[in-house]
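Participant: Numbering (my numbering), first residue to last: 3 to 113. Let me give you the structure first, and then I'll get to my questions.
Written out as structure tokens, the structure reads:
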């Protein structure tokens, strides 16, 4: 579901996603879905993202914002068509492919 969340942000919002927004989108997707998936925390999300980066599915970079802190930004390395073909076989995950996330762009309010 994390890959689907990253894919949806890049497809619908045309931007990369930071880890805080990704966690909120993931929790929102769980609330909308009919499956019984448990929520994960910040640390587990970063572990999963680093595993996906190790497999070459995403690119993870750290952005520093000075006194506002730093955060990781995730970007897909594979095409959305590949994700759609893989996850469209499951009924619950197929429904999540059309989920439009609400993302707040960090660059706009830090300036």
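Glycine included, C-beta positions come from ideal geometry on N, C-alpha and C.
#1: Look at the alpha carbon of residue 100 and the alpha carbon of residue 70, and state the distance between them as a whole number of angstroms.
#2: Measure the CB-CB distance between residue 38 and residue 7 and report whether it falls below 8 Å.
#3: Have a look at 63, 59 and 104 and flag the residue whose alpha-carbon is nearest the alpha-carbon of residue 85.
#4: I need the boundaries of the beta strand (DSSP E) containing residue 72, first residue and last residue.
#5: Sort 103, 22, 5 and 11 by Cα distance to residue 44 and report the nearest one.
#6: From the DSSP output, in three-state form, read off residue 62 for me.
#7: Quick one: measure Cβ to Cβ for residue 24 and residue 76, integer angstroms, because I've assumed they're closer than 8 Å.
#8: According to DSSP, is residue 19 part of a helix, a strand, or is it coil?
Facilitator: So, from the listed chains and residues:
#1: Taking the first residue of the chain shown as 1, we reach residue 100 at position 98. Taking the first residue of the chain shown as 1, we reach residue 70 at position 68. Looking at the two C-alpha atoms, the distance is approximately 33 Å.
#2: Here residue 38 refers to the residue found at position 36 when the chain shown is read from its first residue. Here residue 7 refers to the residue found at position 5 when the chain shown is read from its first residue. Between residue 38 and residue 7, the gap from beta carbon to beta carbon reaches 8 Å or more.
#3: Locating residue 85 in the chain shown gives position 83, where the first residue counts as 1. Checked all of 63, 59 and 104; the closest Cα to residue 85 is 59.
#4: Against the chain shown, residue 72 aligns to sequence position 70. For residue 72, the enclosing beta strand (DSSP E) covers residues 72 to 78.
#5: Residue numbering aside, residue 44 sits at position 42 when the chain shown is read from its first letter. When only C-alpha atoms are compared, the closest one is 22.
#6: As a first step, residue 62 must be located in the chain shown, where it is residue number 60. Correct three-state label for residue 62: strand.
#7: As a first step, residue 24 must be located in the chain shown, where it is residue number 22. As a first step, residue 76 must be located in the chain shown, where it is residue number 74. With 8 Å as the limit, residue 24 and residue 76 qualify as a contact, their Cβ atoms being about 6 Å apart.
#8: To locate residue 19, count along the chain shown from 1; it is residue 17. In this structure, residue 19 counts as strand in the three-state DSSP scheme.
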